[in-house]
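Working notes, structure below.
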Amino acid sequence: MSLFEIPIEKLKGIGPKKGELFRKLKVTSIGELIYFFPRDYSFRGEEVEISRAEGLDKCLIKATVCSPVVTTRITGGRTISRVSVFDQSGSLKLVFFNNRFISGMLSYGEEYYFSGKVERNGGHLQMVSPMFYKTADTRELNPVYHLTAGLSNLTVEKAVKKALEMLPEKINDPIPLEIREKYDLADLGFTIRTIHFPDTQENLSKARNRASFEELLVLMLGLSVIREKKRRETAIVTEKSYLEEYKKLLSFSMTDDQEKACRDCISDMLKNTQPMNRLVQGDVGSGKTAVAAAVAHTAIKNGMQVAFMAPTEILARQHFNTLRKIFENTDISVEILTGAMTVKQKNIVREKIASGEVDIAVGTHALLTDKTVFKNLGLAVTDEQHRFGVSQRAALNSKGNDPHVLVMSATPIPRTLSLIIYGDLDISEIRTMPPGRQKVETLVIDSSKRKRAYGFLKQQIAEGHQCYIVCPFVEDSETENVASVETFAQDLMLGEFSDISVGVLHGKMKAADKESVMADFVSGKISVLVSTTVIEVGVDVPNANVIMIENGERFGLSQLHQLRGRVGRGNVKSYCIIVSDSSSENAGKRLNTMKTMHDGFGIAEEDLKLRGPGDFFGRRQHGLPEITIAGLKNMDILLQAQECSDFIQKNNLLSEKSYRGLKTQVNRFLKRAEDIDFN
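In UniProt numbering, the protein residues as written are 1 to 679.
Here it is, written out as structure tokens:
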């Protein structure tokens, strides 16, 4: 029996309770646990005495627990735990946030290695949420796993060790020998054992390269299967392009890139052999909506209806107003369907959609419910956040006859990667910006200048403008001392901004609450919106002219650029203030790039050079499983995997016996991705 078929609960020491915690990490079987690779490694390195540790970014201290763990509750139902440790040179306080299990993990009188940053706080030395392990463990490199509340790193480590004991000495390698030899790849047994418990940095590098290659190869082969599955006939007929007629409706001239994207889409539709399945990728403010409207116009003139889907009701309303303005002097009917409407209002709109009276129906995925019936749906326009999975595609197909699909993305990605990440789509890029789009002045500061920055925000608010403040986390982290939305907003409300309306927005809020907060910000009731990156792609608020981003080093350049795109959407001078106390030379170089670069595609290319492709693959794409190998930095591996995938597909090698293991891996990928079977 395959280890992927044995439930995680069957592993010794993992009962139903721990099994449930592992399942939260998407580890459901022993096989998945073996492939649950570390996200990082703590390097044991040279020990430092407590008295010499102050100010060091990351240090290793060997110390003994000399007090019980004391846990107290703080605002918002959170907890903070404190414990003291000592060595011959002095003592140190350890602080842990929201870790109710820490008292059972640190024993009084026991000696441990503690790894982290030591700072002085109120007269004593302190280390916040350090990594730790018993001194009996003498490995130089220790695995650091993704965790969930209730699972310690040590628990995962022990479980992995037990799972590895179940592996046979010789493992059937899914990558055939000739491929491994051609690309100088380690074998699977060495890779799995080394990637969890490396003995040297050199061997770890070999194992990670092999694992990255396999993961990328399986991804590319899987995407090719999905792409082939989508090549189906369509009954939708497009007889003519109406692009020139559409251009006369606009109050501005389209850029060359916009026109090319329009022609790409309409050309796909005119083929009349298979549905269009295209991504239009462009920077924030590059005019993707105008392109989508052009494609919708041609679809409607050829007798089709259009579904225009947005992730939120407030964004749907924004698209509705834009489209209605474009088509106000035509016979094209635009209606909106949202959950906030009364039952009577929704029924009236649905009747119009069913009769064909509505040409463009704008809304959220409520457009795909059984209650909404289209007379002749021919085109679905959606954004990156609403890529179709199997269930949505099935619902869409049931409302039309394999309608055309146009996906819009405001996240520029280097073409080298977009061909892989969006491997199931044809791609059009809008690289040029419409004339008149202003640049956002970008500043990088450390926290010593935060009060001055607050003064600037207050000045802008006094002049009638609004501001965003972005934090990396929703709540205080168990493991890292970074800004969290809840705590940050509370401190602002009680302190610097006590006389200013402050709102809070994050992904854990109920949809209705998020809509309400965003509506209040759009209307001006809220002056300062403290948020996570949930605002990264969203509603235009022309009155917001300042965005302040905390812990800027924690974001990729492309993500910082997306966040910066939330301001500069009106006629007022706009600013982006990035706050970072990182002493890393690389982080400093990356953040300073933001001061001089404003082109999204150029920034994405620079991000690729500085951080490698791992950051781009870290974002889940339309239901495809995430790239799990942490810190993929080597572009050579990416290109080698792409070359190998092309060779395998060209020669139809997956049907050969020696490639059976790789075919199984691709099947497993497809099962996780979209439940598509591959025979």
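Where a beta carbon is used, it is the ideal one built from N, C-alpha and C, also for glycine.
Beta-carbon spacing of residue i, residue j below 8 Å
| i | j | result |
| --- | --- | --- |
| I30 | K17 | no |
| C262 | V295 | yes |
| N153 | V160 | no |
| residue 689 | V69 | The structure shown does not extend to residue 689, since the chain is modelled only from 1 through 679, so no value can be given for it. |
| T532 | G507 | yes |
| S129 | V95 | yes |
| G150 | L315 | no |
| R566 | A587 | no |
| E606 | T593 | yes |
| M105 | S115 | no |
| I469 | V528 | yes |
| K134 | Y112 | yes |
| G503 | I526 | yes |
| G287 | Q318 | no |
Cβ-heavy atom distance, residue i to the ligand GTP, below 7 Å
| i | result |
| --- | --- |
| S409 | No copy of the ligand GTP occurs in the structure displayed, which carries no ligand at all. |
Residue i, enclosing alpha helix (DSSP H) - first and last residue
| i | result |
| --- | --- |
| M493 | V485 to L494 |
| H561 | L557 to R564 |
| N545 | From DSSP, N545 is part of no alpha helix (DSSP H) but of the beta strand (DSSP E) over A544 to I549. |
| N571 | Counting along the chain, N571 falls outside any alpha helix (DSSP H), and DSSP gives it neither H nor E. |
| N153 | N153 to E165 |
| V48 | Premise fails: V48 is in no alpha helix (DSSP H) and is neither H nor E. |
| K449 | Per DSSP, K449 belongs to no alpha helix (DSSP H) and is neither H nor E. |
| S267 | D256 to L270 |
| I469 | From DSSP, I469 is part of no alpha helix (DSSP H) but of the beta strand (DSSP E) over Q466 to V470. |
Per-residue burial, residue i [other beta carbons within 10 Å of its own, 16 or more giving buried]
| i | result |
| --- | --- |
| K663 | buried |
| T338 | buried |
| R208 | buried |
| Q621 | At Q621, the pLDDT of 41 sits below 50, so the modelled position is not reliable; the number obtained from the coordinates is stated separately. Buried, by the Cβ-count rule. |
| Y659 | buried |
| V237 | exposed |
| G568 | buried |
| D331 | exposed |
| Q201 | exposed |
| R73 | exposed |
| I348 | exposed |
| Q459 | exposed |
Backbone secondary structure at residue i - three-state DSSP
| i | result |
| --- | --- |
| M341 | coil |
| D646 | helix |
| S103 | helix |
| E335 | strand |
| Q305 | strand |
| I6 | coil |
| D426 | strand |
| E119 | strand |
| E111 | strand |
| D187 | coil |
| P16 | helix |
| A310 | coil |
| A361 | strand |
| F197 | coil |
| I577 | strand |
| Y145 | coil |
| F669 | helix |
| M276 | coil |
| D520 | helix |
| E54 | strand |
| S224 | helix |
| L92 | strand |
| Q621 | Caution applies to Q621, whose pLDDT of 41 falls short of 50 and renders its modelled position unreliable; the value that the coordinates give is listed next. DSSP places Q621 in strand when its eight states are reduced to three. |
| T442 | strand |
| F213 | helix |
Where the beta strand (DSSP E) through residue i begins and ends
| i | result |
| --- | --- |
| Q126 | H124 to V128 |
| K589 | Note, K589: premise wrong, no beta strand (DSSP E); alpha helix (DSSP H) at E585 to T596. |
| D87 | R78 to D87 |
| N401 | G400 to S409 |
| M509 | That residue, M509, is in no beta strand (DSSP E); it is neither H nor E in DSSP. |
| Y242 | Here Y242 belongs to no beta strand (DSSP E), and DSSP marks it neither H nor E. |
| G378 | L377 to D383 |
| I74 | V70 to I74 |
(request) Check whether the segment 406 to 413 touches the segment 276 to 283, taking contact to mean three or more Cβ pairs, one atom from each stretch, closer than 8 Å. (result) Segments in contact, yes.
Does the segment 304 to 315 come close enough to the segment 370 to 382 to have 3 or more Cβ pairs within less than 8 Å?
Yes, the segment 304 to 315 is in contact with the segment 370 to 382.
* **Meets three-Cβ-pair contact criterion under 8 Å: the segment 427 to 447 and the segment 573 to 591** => yes
Does the segment 552 to 559 come close enough to the segment 488 to 508 to have 3 or more Cβ pairs within less than 8 Å? When Cβ pairs closer than 8 Å are counted between the two stretches, the segment 552 to 559 is seen not to touch the segment 488 to 508, the count staying below three.
Report yes or no: do three or more beta-carbon pairs, one from the segment 192 to 202 and one from the segment 24 to 40, lie closer than 8 Å? yes
Touching by the beta-carbon criterion (3+ pairs, under 8 Å), the segment 366 to 378 and the segment 239 to 251: no
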